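Protein chains: 2
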Amino acid sequence: MAEALVVGDPGDPRLADYTALTDVELRRRREPAEGLFIAEGEKVIRRALAAGYRMRSMLLSEKWLEAMRDVIEAADAPVYAVTPALAEQVTGYHVHRGALASMQREELPGPERLLAGARRVVVMEAVNDHTNIGAIFRSAAALGMDAVLLSPDCADPLYRRSVKVSMGAVFSVPYARLARWPQDLDAVVRAAGFHLAALTPAPDAVDLGALPRHERLALLLGAEGPGLTRRAQQAADTRVRIPMAHGVDSLNVGAAAAVAFYAVAGSGPEPGVTSPVS
Amino acid sequence: MAEALVVGDPGDPRLADYTALTDVELRRRREPAEGLFIAEGEKVIRRALAAGYRMRSMLLSEKWLEAMRDVIEAADAPVYAVTPALAEQVTGYHVHRGALASMQREELPGPERLLAGARRVVVMEAVNDHTNIGAIFRSAAALGMDAVLLSPDCADPLYRRSVKVSMGAVFSVPYARLARWPQDLDAVVRAAGFHLAALTPAPDAVDLGALPRHERLALLLGAEGPGLTRRAQQAADTRVRIPMAHGVDSLNVGAAAAVAFYAVAGSGPEPGVTSPVS
Numbered sequence: 294m295a296e297a298l299v300v301g302d303p304g305d306p307r308l309a310d311y312t313a314l315t316d317v318e319l320r321r322r323r324e325p326a327e328g329l330f331i332a333e334g335e336k337v338i339r340r341a342l343a344a345g346y347r348m349r350s351m352l353l354s355e356k357w358l359e360a361m362r363d364v365i366e367a368a369d370a371p372v373y374a375v376t377p378a379l380a381e382q383v384t385g386y387h388v389h390r391g392a393l394a395s396m397q398r399e400e401l402p403g404p405e406r407l408l409a410g411a412r413r414v415v416v417m418e419a420v421n422d423h424t425n426i427g428a429i430f431r432s433a434a435a436l437g438m439d440a441v442l443l444s445p446d447c448a449d450p451l452y453r454r455s456v457k458v459s460m461g462a463v464f465s466v467p468y469a470r471l472a473r474w475p476q477d478l479d480a481v482v483r484a485a486g487f488h489l490a491a492l493t494p495a496p497d498a499v500d501l502g503a504l505p506r507h508e509r510l511a512l513l514l515g516a517e518g519p520g521l522t523r524r525a526q527q528a529a530d531t532r533v534r535i536p537m538a539h540g541v542d543s544l545n546v547g548a549a550a551a552v553a554f555y556a557v558a559g560s561g562p563e564p565g566v567t568s569p570v571s
Numbered sequence: 294m295a296e297a298l299v300v301g302d303p304g305d306p307r308l309a310d311y312t313a314l315t316d317v318e319l320r321r322r323r324e325p326a327e328g329l330f331i332a333e334g335e336k337v338i339r340r341a342l343a344a345g346y347r348m349r350s351m352l353l354s355e356k357w358l359e360a361m362r363d364v365i366e367a368a369d370a371p372v373y374a375v376t377p378a379l380a381e382q383v384t385g386y387h388v389h390r391g392a393l394a395s396m397q398r399e400e401l402p403g404p405e406r407l408l409a410g411a412r413r414v415v416v417m418e419a420v421n422d423h424t425n426i427g428a429i430f431r432s433a434a435a436l437g438m439d440a441v442l443l444s445p446d447c448a449d450p451l452y453r454r455s456v457k458v459s460m461g462a463v464f465s466v467p468y469a470r471l472a473r474w475p476q477d478l479d480a481v482v483r484a485a486g487f488h489l490a491a492l493t494p495a496p497d498a499v500d501l502g503a504l505p506r507h508e509r510l511a512l513l514l515g516a517e518g519p520g521l522t523r524r525a526q527q528a529a530d531t532r533v534r535i536p537m538a539h540g541v542d543s544l545n546v547g548a549a550a551a552v553a554f555y556a557v558a559g560s561g562p563e564p565g566v567t568s569p570v571s
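Structure (structure tokens):
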């Protein structure tokens, strides 16, 4: 594909992947069912491609044609050039970043496969906020977590907002879903040799800094507000807390996650110790 | 004041404090000039009052009258009861939280006064995003930072969005503005006995975990994206970095701030050591 196709009709069926992007409920159902996700903006699109995702099509404002020239030439998919006004008619919002790509989802790996090569994993329970999911992935990537596991009721990391907030980290940190909750914390995660630490603001939990080193550590995070369920906490080996100043609400989940990732990053085996998984 | 006053005219001059709340540029100019700020939602309003701010007036949807009964009865200011539709006409948006209060600003303390009683302070340079400012205050409060100093070009912590994201932490963590930048880093902050540590992703900076203990530590943070200016970094005693995984963009500034606050919280004098400032 070397040329962009100019499209002038918002009802053109070739733009179907991009319709009603602001209708969160609709898109949440449609995208997994149709096997696609939307990458928004030059940087995120390039990262999705670099991570190996296949492009279904791309929708560009004309002024982005030059910046995306190499992507267009390499693309094995149609590229549609539209006016900003038409992009807004189709998607339902003003596409500030001027470039959208519809990408093909890939089958998620099984959690066992992810865990086989990992030493530090995040397990999220019922995190439904797309911004929080994206922020947690971004911090997980920056702070060296190896993988993410999701409870069955977590939201979709490939939803457009999650992808954007993560700055594409949802492409680089491998993730999987646990099928049975909380049973798989034991049957899958502990069975793979992981120590399970549940993050909670409870005053009787162990200070994060006092958590003993574990060669394989799974850090459990709950949603903003309710936090981890009692069932998930009971399924863990340890409950850990971030020491907080008196009288203050807990940190937001993104900040708490970043602190916890930082704290456990240094709690693995000493450098030079041979790990059976490396 | 024991009764709410029902107001039915969106042009009523008594509602002037609440007009055009979605016009960020207008409100940024108006609110400091008129000496007010807006607290939104029951929890934030209660925290502003608990922190000692004086209420100018309150605007409530009728269904909030009952929940706010004690606040209304204690208020030394008029309370206006309106329909949700009228609240939207006045403010320009649908007021989900159903309660807004216009609060009187207080004069900020001088930075010297704040520093006299502090051991761990945050210094922000040119942080202009209201969400980021709020998130940093929230983490600062939770993780025990004693005070915040702002460069002259930082945005307003009392802007509605900052207040909301901070969950009211902008009321509990004292803050001040430095007048001369970056000169006051030396003339005010270092002069008060603080070691200045500049947070940067630069690979040649010292790992945060290797920062020696300092009885008084000021942590410098820049804006998302550009980070600290060279001038600010040069004015610091040390440049520190959060160790990051290879090939990953830096953390967002809120996550980086939380990690840094956590890391330096433990780097003060040992418990039991008498500090000249305590």
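Protein chains in written order, with the working numbering: chain Y, 294 to 571; chain C, 294 to 571.
Virtual Cβ for every residue (Gly too), placed ideally from N, Cα, C.
Model, not experiment: these values are computed from the prediction.
Under the three-state reduction of DSSP output, residue 398 of chain Y falls in the coil class, being neither helix nor strand. Contact of residue 537 of chain C with chain Y is assigned, a C-beta pair being separated by under 8 Å. The continuous stretches of beta strand (DSSP E) do not include residue 307 of chain Y, and DSSP gives it neither H nor E. For residue 431 of chain C, the nearest CB of chain Y lies under 8 Å from its own CB, placing it at the interface with that chain. Across the set C:533, C:481, C:485, C:529, the C-alpha of C:533 shows the shortest separation from the C-alpha of residue 496 of chain C. Contact between residue 379 of chain Y and residue 301 of chain Y holds: their C-beta atoms lie close to 7 Å from each other, under 8 Å. With respect to residue 395 of chain Y, residue 468 of chain Y sits apart: the two C-beta atoms are not nearer than 8 Å.
For residue 309 of chain Y, the closest Cβ of chain C is not nearer than 8 Å. With fewer than 16 other Cβ atoms inside 10 Å of its own Cβ, residue 387 of chain C counts as exposed. Under the three-state reduction of DSSP, residue 488 of chain Y is assigned to strand. Listed along the chain, the chain C residues whose CB falls inside 8 Å of the CB of residue 543 of chain Y are 435. For secondary structure counted as the beta strand (DSSP E) over 3 or more consecutive residues, the stretch 333 to 403 of chain Y holds these complete runs in sequence order: 348 to 354, 372 to 375, 392 to 397.
Straight through space, the alpha carbons of residue 372 of chain Y and residue 353 of chain Y are spaced by roughly 7 Å. Around the C-beta of residue 404 of chain Y, 16 or more other C-beta atoms lie within 10 Å, and the residue is accordingly described as buried. Residue state for residue 331 of chain C is assigned as strand, using DSSP reduced to three classes.
Taking each of Y:398, Y:382, Y:457 in turn and checking the Cα distance to residue 328 of chain Y, the smallest one comes out for Y:398. DSSP places residue 468 of chain C within a strand segment (E or B) once states are collapsed to three. Counting along the chain, residue 414 of chain C sits inside no alpha helix (DSSP H); it lies in the beta strand (DSSP E) bounded by residues 413 to 417. Taking each of C:332, C:553, C:413, C:401 in turn and checking the Cα distance to residue 507 of chain C, the smallest one comes out for C:413. Taking the Cα positions, residue 375 of chain C is about 42 Å away from residue 515 of chain C.
At a cut-off of 8 Å between beta carbons, residue 346 of chain Y makes no contact with chain C. By the Cβ neighbour-count rule, residue 421 of chain Y is exposed, with fewer than 16 other Cβ atoms within 10 Å of its own. By a beta-carbon distance limit of 8 Å, residue 502 of chain Y contacts residue 556 of chain Y. Their separation comes to about 6 Å. Residue 486 of chain C has its alpha-carbon roughly 43 Å from the corresponding atom of residue 370 of chain C. Here residue 419 of chain C really is in contact with residue 446 of chain C; their C-beta atoms are around 5 Å apart, less than 8 Å. Here residue 368 of chain Y is buried. Its C-beta has 16 or more other C-beta atoms within 10 Å. Here residue 333 of chain C is buried: its Cβ has 16 or more other Cβ atoms, across all protein chains shown, within 10 Å.
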